[in-house]
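Residue numbers (the UniProt record's numbering): 1 to 723. Virtual Cβ for every residue (Gly too), placed ideally from N, Cα, C.
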Amino acid sequence: MAGPLLLRSLLSASTRKSFSSHLAPLPRFSRCFSSGPASAAAAATTYPSAYLDPGRLRNVAVIAHVDHGKTTLMDRLLRQCGADIPHERAMDSISLERERGITIASKVTSVSWKENELNMVDTPGHADFGGEVERVVGMVEGAVLVVDAGEGPLAQTKFVLAKALKYGLRPLLLLNKVDRPSVSEERCNEVESLVFDLFANLGATEEQLDFPVLYASAKEGWASSTFTKDPPAGAKNMSQLLDAIVRHVPPPKANLDGPFQMLVSMMEKDFYLGRILTGRVSSGMVRVGDKIHGLRGSESGIEKIEEGKVVKLMKKKGTSMVLIDSAGAGDIISMAGLGSPSIGHTVANTEVMAALPTVELDPPTISMTFGVNDSPLAGRDGTHLTGGKIGDRLMAESETNLAINVLPGIADTFEVQGRGELQLGILIENMRREGFELSVSPPKVMYKVEKGQKLEPIEEVTIEVNDEHVGLVMEALSHRRAEVADMGPVPGNVGRTRLSLTCPSSVARDMSSLVSLKNSYYRRALDREEIAFPLNGGLVGYRSVFSSDTRGTGFMHRAFSILQDNVPSLVNPLRDLFPFAAYEKHRGPLGNVRKGVLVSMGYGTITAYALMSLEARGTLFVTPGMETYDGMIVGEHSRDTDLDVNPVRSKELSNMRAAGKDENVKLSPPKLMTLEEAIGYVASDELIEVTPKAIRLRKRYLDVNKRKAMSKRPKIESSPNIL
């Protein structure tokens with residue numbers, strides 16, 4: 001956990017030395033663990049005025065499409081301001097972020113630049129983590145929109161930009177990767193025009209449309225206000241971008257004389273300090289030792305959650321957390337002292353009984369059912385096995401991630417609702433690494449009903465393939481309820497075609513699994529864009545077909561479609577409830593394009609002798625030596641029906657020596673399922689068994705006779721989920 005690491009960072013001498021030349025000195029830092037009225041009074045007289053002057057503060061978020069260079073840009077900005085960067089992608093502090101090359105959680109840091117304090121928020125670019133963007137945009141006044149100069153604005157660029165414009169942020173456009181050979185000044189002008197049109201379509205104000213444009217190469221560490229591929233040696237830095245932020249982003253409107261109020265936007269837990277609440281101070285000042293309480297709005301009015309005092313005040317400086325004695329309105333700080341308030345609650349002085357407006361979040365679109373692992377192999381790998389442990393972990397996750405809803409079900413099951421399969425897949429992977437064993441159902445789309453009409457969420461999908469593969473891809477997509485909106489060549493890439501489509505979520509989210517893993521470049525694109533999470537129906541099973549059709553060169557981007565005021569929608573009454581997610585009339589059921597599966601009907605260790613005879617039946621998911629049980633899926637059948645097989649059969653031994661030697665067993669390499677592929681593969685009558693050491697596919701009903709009986713029952717369509 002972060003407890004000991006946090007305290008060590010607070011006391012590290014390197015932290016003090018790193019910021020001594022760039023930040024105003026922190027008073028009484030050697031006595032950072034003292035608290036009480038005496039320390040608060042001392043802080044009031046010795047605290048530097050630079051920290052309290054709102055005119056010197058700039059709160060800005062960095063937003064971008066995935067893999068457009070946002071995190072690399074943050075590294076260069078921190079280095080430019082003198083922060084000590086221990087490694088590349090310093091803001092990606094979560095292990096899964098570093099492994100997959102994506103930003104999962106929003107993070108706040110601050111740097112000093114020319115007597116100004118810049119509070120910068122690094123946000124995820126993936127639409128599945130849109131809740132992270134929504135809850136932090138209210139803390140800032142400006143946003144740096146990073147766009148790849150070669151690719152231009154893509155689907156998720158539109159998604160994150162819509163969030164920023166909704167809250168009235170002043171944007172700055174940064175065209176990144178201009179050092180690439182395929183990027184020219186004409187291409188940058190074209191991208192700038194596309195971004196301007198995107199601003200206009202999203203309803204930007206005149207002030208927001210008057211955005212400055214900068215050109216940068218985050219990899220080489222420079223930004224320029226004019227187009228260039230090789231700036232002078234003295235200008236190869238980020239100073240022009242930092243100066244533009246100071247000029248164009250307005251300082252926060254702050255009232256230092258009012259009572260202290262702060263809306264909690266982030267929360268983390270520490271072993272020693274308890275809950276650490278992070279947010280922007282809305283008004284007034286706060287000092288260590290001040291009496292505060294937590295408030296939340298309810299149907300009956302304002303409710304007091306807890307009363308206490310400020311034990312610690314902290315602020316992120318570069319990559320380290322440092323202690324401060326006081327903070328004023330407009331600043332973004334972290335505090336410890338209260339154990340009950342969470343994200344969306346208000347922390348204020350004890351005399352204040354008014355709660356600040358809470359953040360508005362888009363509704364969930366995907367749900368999965370988490371339950372206890374009840375397979376015959378349960379309990380061998382994990383340490384947290386019971387439904388109570390699983391429920392406590394999910395409830396703790398819903399406290400820190402407002403985009404996830406957890407609804408208790410029957411028989412130790414929990415319905416987990418979220419924005420997408422990638423978000424829920426990250427949650428499953430984290431639980432796996434923490435020692436949990438659980439069973440997971442396939443994801444389901446959260447449908448709506450409006451005036452008796454069934455509606456489904458729509459996503460915008462962008463696919464890039466070679467010209468010779470366009471026909472195969474379009475034919476396959478036409479059978480899966482996708483509608484082509486635009487098609488044209490990819491700028492700067494001869495022989496490549498870009499397709500823009502609108503698809504139901506059950507199709508679009510499955511299409512993310514179509515990216516091939518053969519080429520290292522596209523493997524990185526898959527990790528940064530969409531991990532494979534198809535839904536029931538849709539393009540389930542099409543992944544291998546797409547990979548072979550495109551010869552491993554196709555990839556895609558997708559994000560939720562956004563309702564626009566100037567574009568007619570089929571469901572205008574939903575705009576007030578769901579301002580960002582577009583819902584349209586249900587396009588009809590999707591055909592089952594996945595083949596049947598090979599289901600084990602034996603318990604024990606899988607043998608090579610048995611698999612040798614099963615290879616002709618389809619594609620295997622297991623290797624010799626693995627454990628299996630009745631109802632476990634061991635492969636994909638070559639036909640549309642399921643087939644019960646015996647993978648534990650061994651060769652009969654006798655005391656008679658054969659005239660010739662035994663036949664050597666040579667097996668083809670199996671297709672070993674990852675967690676992401678497993679979530680995308682399972683059908684409605686199947687489950688995923690997740691343990692710290694293994695991921696297995698199984699039937700919901702392990703007994704073959706019960707499966708046959710349940711398959712004969714008439715299928716009754718469940719009522720759509722209503723939020």
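Please state the DSSP three-state secondary structure of Asp148. Asp148 falls in the strand class under three-state DSSP.
Give a single yes or no on whether Thr605 has its beta carbon closer than 7 Å to a heavy atom of the ligand FMN. This structure does not include the ligand FMN; it has no bound ligands of any sort.
Work out the CA separation of Ala354 and Pro153 for me, nearest whole Å. If I take the Cα positions, the gap works out to 41 Å.
DSSP on Gly420, reduced to helix/strand/coil? The answer is coil: DSSP assigns Gly420 none of H, G, I, E or B.
DSSP on Leu514, reduced to helix/strand/coil? Low confidence applies here, because Leu514 scores a pLDDT of 36, under 50, leaving its location unreliable; read the following figure in that light. Secondary structure of Leu514 (DSSP, three-state): helix.
Excluding the five sequence neighbours on either side, which residues of its own chain have a C-beta within less than 8 Å of the C-beta of Ser265, listed in chain order? Taken in chain order, the residues that qualify are Arg135, Val136, Gly138, Met139, Thr278, Gly279, Arg280, Ile343 and Val359.
Strand pairing of Ala484, partner residues [DSSP]: Before going further, note that residue 484 is Val rather than Ala in the sequence given. Val484 is bridged to Leu501.
Could you check whether the stretch 305-318 touches the stretch 104-112, counting it as contact only if at least three pairs of C-beta atoms, one from each stretch, sit closer than 8 Å? Taking 8 Å as the limit for Cβ pairs, the verdict is that the stretch 104-112 does touch the stretch 305-318.
Spatial neighbours of Met673 in its chain, beta-carbon cut-off 8 Å, leaving aside the 5 residues before and after: Excluding residues within five positions, the ones whose Cβ falls inside 8 Å are Phe621, Tyr681, Ile695 and Leu697.
For Arg713, would you say it is in contact with chain B, using Cβ-to-Cβ distances shorter than 8 Å as the test? The structure shown contains no chain B, having only a single protein chain.
Using a 10 Å radius around the Cβ and a threshold of 16 neighbouring Cβ atoms, would you call Tyr272 buried or exposed? By the C-beta density criterion, Tyr272 is exposed, having fewer than 16 other C-beta atoms within 10 angstroms.
What do you reckon, are the CB atoms on Arg419 and Ile366 nearer than 8 Å? Against a cut-off of 8 Å, the Cβ pair of Ile366 and Arg419 comes out as a contact.
So Phe199 is in the beta strand (DSSP E); what residue range does that whole segment cover? From DSSP, Phe199 is part of no beta strand (DSSP E) but of the alpha helix (DSSP H) over Glu185 to Asn201.
Cα separation between Val473 and Ser500? One alpha carbon belongs to Val473, the other to Ser500, and they sit about 12 Å apart.
So for residue 724, helix, strand or coil by DSSP? With the chain represented from 1 up to 723, any question about residue 724 goes unanswered, as that position is not in the structure.
DSSP-derived helix/strand/coil call for Ile305: The answer is strand: DSSP assigns Ile305 an E or B state.
Between which two residues does the beta strand (DSSP E) containing Leu279 stretch? Note on identity: in this sequence residue 279 is Gly, with Leu being the wrong assignment. In the DSSP annotation of this structure, the continuous segment of the beta strand (DSSP E) that includes Gly279 starts and ends at Gly274 to Ser283.
Under a three-way DSSP split, which group does Ala216 fall into? Here DSSP, grouped into helix, strand and coil, assigns Ala216 to strand.
Same chain, Cβ closer than 8 Å to Pro250, five either side skipped, listed in chain order: Only Glu141, Gly142 and Arg170 meet the Cβ criterion.
Within its chain, find whatever has a CB closer than 7 Å to the CB of Lys166; leave out the 5 residues flanking it on each side and keep chain order. For Lys166, where only same-chain residues beyond five positions count, there are no Cβ hits under 7 Å.
Classify Ser668: buried if its beta carbon has 16 or more other beta carbons within 10 angstroms, exposed otherwise. Flag for Ser668 reads exposed.
Using DSSP's beta-bridge definition, name the partner residues of Phe436. Under DSSP, the beta-bridge partners assigned to Phe436 are His384.
Proximity of Val347 and Met262 at Cβ, strictly below 8 Å: Their beta carbons are under 8 Å apart, which means Val347 touches Met262 by this criterion.
Residues bridged to Asn176 by DSSP? Bridge partners of Asn176: Asp148.
Pairwise C-alpha distance: Ala155 and Glu450: Computed Cα separation, rounded: 27 Å.
Indicate whether Ile63 and Thr103 have their beta-carbon atoms separated by less than 8 Å. Cβ distance not < 8 Å, so Ile63 and Thr103 don't count as in contact.
Give me the residue from Glu421, Ile458, Gln208 and Lys454 with the minimum Cα distance to Pro442. The shortest C-alpha to C-alpha distance from Pro442 to any of Glu421, Ile458, Gln208 and Lys454 is the one to Glu421.
Which residues in the same chain have their Cβ closer than 8 Å to the Cβ of Asp703, if we skip the five residues on either side of it in sequence? For Asp703, same chain residues with a beta-carbon under 8 Å away, outside a window of 5 residues either side, are Asp630 and Gly631 in chain order.
Own chain partners of Ala709 with C-beta closer than 7 Å, once the 5 adjacent residues on each side are dropped: Apart from the 5 residues on each side of it in sequence, Ala709 has no Cβ closer than 7 Å to any other Cβ in its chain.
Rounded C-alpha distance that separates Thr623 from Glu677: Straight across, the Cα-Cα distance linking Thr623 with Glu677 is about 17 Å.
In the DSSP assignment, find the unbroken alpha helix (DSSP H) run with Lys70 in it and report its ends. Element bounds for Lys70: Lys70 to Gln80.
Contact check, Pro364 vs Met446, beta carbons under 8 Å: In contact: Pro364 and Met446 (Cβ atoms closer than 8 Å).
Buried or exposed, going by whether 16 or more other CB atoms sit within 10 Å of the CB of Ala83? Buried is the label assigned to Ala83, since at least 16 other Cβ atoms lie within 10 Å of its Cβ.
Using the Cβ count rule (16 or more neighbours within 10 Å means buried), how would you classify Val571? Legend: pLDDT at Val571 = 34, less than 50; position of this residue unreliable, value from coordinates given subsequently. Val571 should be labelled buried.
Kindly indicate which three-state DSSP category Lys706 falls into: helix, strand or coil? If DSSP states are grouped into helix, strand and coil, Lys706 belongs with the helices.
Whole-angstrom Cβ separation of Leu118 and Ala149, contact assumed at under 8 Å? Rounded, the Cβ-Cβ distance is 24 Å, inconsistent with contact.
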